[in-house]
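J.: Sequential numbering of the sequence shown, starting at 46, is according to our numbering.
A virtual CB, placed ideally from N, CA and C, is assigned to each residue, including glycine.
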Amino acid sequence: SGETSSGAEAGENAEPELTEEEKKAEAEVDAYFDNAVFVGDSIMLGFRNYAMKRQDTFLSRPQFLAAGSFSVNNALWPVDDKSVHPVYRGEQHQIWESIAMMGSKRVFLMLGMNDLNINGVEGTCKKYEELVDNIKETDPDAEIHIMSMTYILHGKEVGMLQNDIIRQYNQELEKLAEEKGWGFVDISQPLADENGDLAVEYCRDRRPMMYGCLCSGIMQGVSWMNIWKLPEISQKKDKEHECRKGVGFT
């Protein structure tokens, strides 16, 4: 009976078999991200760990530069014994140097959670612009794509980490991306509940979960990029259902 139970559990946990159309769509998405790097803080670090555990499955191949407490503010600091820059090849480097060493041509940045209480909305956007300028100076051909900040669980906001402020921040990031010709990816909406707060299933305490559901939500968000061909994504949010369906999400 133990073997039967174990087999039943394995069957319940197994991912459903994909259609040929879905397999083709996943292969196209993976190919899109083969030359990409995702840069971020602890949320992105969790996405990296989740992707690594998936090994040779869907969206397991992108590269990552992520570190706990990382921000657009301290990304501009010099590298020293107190810096929190992500490690690449065993050492910390300035982000733009690591990206150049990787040879990545698509750069996805997801920062801000650790910045708003320090620099506010306007100051954080200015720091973002400075960071991207450094990346572009090092590699003028790099495609820049900004990922929105996720919301906070209702009732758990603190300081500048208020959902209305986060919405304002995301709107300003989108405007900045449009002005600069960068891509903008709004992953806040797929992870929000009907009230516009972070959905409880994506939460652990005040901040978003670093694993599981949130990572799946981010994967859904980044999957849409292949269908929408960034940077046009910011003008096509009404295509959400079609994009999710197109990459095998329901």
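1) Quick one, which of Leu-206, Lys-201, Lys-225 and Met-194 has its alpha-carbon nearest Gln-234's?
2) Kindly identify the DSSP beta-bridge partner or partners of Arg-151.
3) Going by beta carbon distance, what residues of the same chain come within less than 8 Å of Ser-114, once the five residues before and after it are set aside?
4) Which value, in whole angstroms, describes the spacing of the CA atoms of Glu-224 and Val-166?
5) Please report the Cβ distance between Lys-150 and Asn-80, rounded to the nearest whole angstrom; I am assuming they are in contact, meaning their Cβ atoms lie under 8 Å.
6) I believe Val-203 touches Gly-157 by the beta-carbon criterion, under 8 Å. Please report the beta-carbon distance rounded to the nearest angstrom.
7) Can you tell me where the beta strand (DSSP E) holding Val-230 begins and where it ends?
8) Determine the contact status of Leu-243 and Leu-198, defining contact as a CB-CB distance below 7 Å.
9) With distances taken Cα to Cα, identify the nearest neighbour of Leu-218 among Arg-134, Trp-122 and Gly-168.
10) Would the beta-carbon of Arg-151 be found less than 6 Å away from any heavy atom of the ligand PLP?
11) For Asn-271, count neighbouring Cβ atoms within 10 angstroms of its own Cβ and tell me buried if that reaches 16, exposed if not.
12) Should Lys-69 be labelled buried (16 or more other beta-carbon atoms within 10 Å of its own) or exposed?
13) What number of angstroms, rounded off, separates the C-alpha of Gln-137 from the C-alpha of Leu-161?
14) Given that a residue counts as buried once 16 or more other Cβ atoms are within 10 Å of its Cβ, and exposed if not, what is Gln-108?
15) If you reduce the DSSP assignment to three classes, tell me which class Val-166 lands in.
16) Roughly how many angstroms separate the alpha carbons of Tyr-133 and Tyr-196, rounded to a whole number?
17) From Glu-175 to Glu-239, what distance separates their C-alpha atoms?
18) Should Val-245 go down as buried or exposed, given a rule of 16 or more other Cβ atoms within 10 Å for buried?
19) Could you tell me which of Tyr-173, Ile-144 and Asp-209 sits nearest to Met-192, measuring between CA atoms?
20) If I measure Cβ to Cβ from Ala-120 and keep anything under 6 Å in the same chain, skipping five residues before and after, which residues do I get?
21) State yes or no: is the C-beta of Pro-131 within less than 7 Å of the C-beta of Ala-111?
22) For a test of the three-state rule: what should DSSP assign to Gln-234, helix, strand or coil?
T.: The structure says:
1) Met-194
2) Bridge partners of Arg-151 according to DSSP: Ala-81 and Glu-188.
3) Asp-86, Ser-87, Val-129 and Asn-159
4) Each residue's Cα considered, the two are about 17 Å apart.
5) 5 Å
6) Not confirmed; about 15 Å, so no contact.
7) 228-230
8) yes
9) Gly-168
10) As presented, the structure is devoid of all ligands, the ligand PLP included, so that no description of it is given.
11) For Asn-271, the predicted model reports a pLDDT of 40, less than 50, meaning its position is unreliable and no value from the coordinates is stated.
12) exposed
13) 24 Å
14) buried
15) Helix.
16) Rounded to the nearest angstrom, the two C-alpha atoms are 29 Å apart.
17) 35 Å
18) Answer is exposed; the Cβ neighbour count stays below 16.
19) Tyr-173
20) These residues qualify, in order along the chain: Ile-140 and Leu-176.
21) Cβ atoms of Pro-131 and Ala-111: closer than 7 Å.
22) coil
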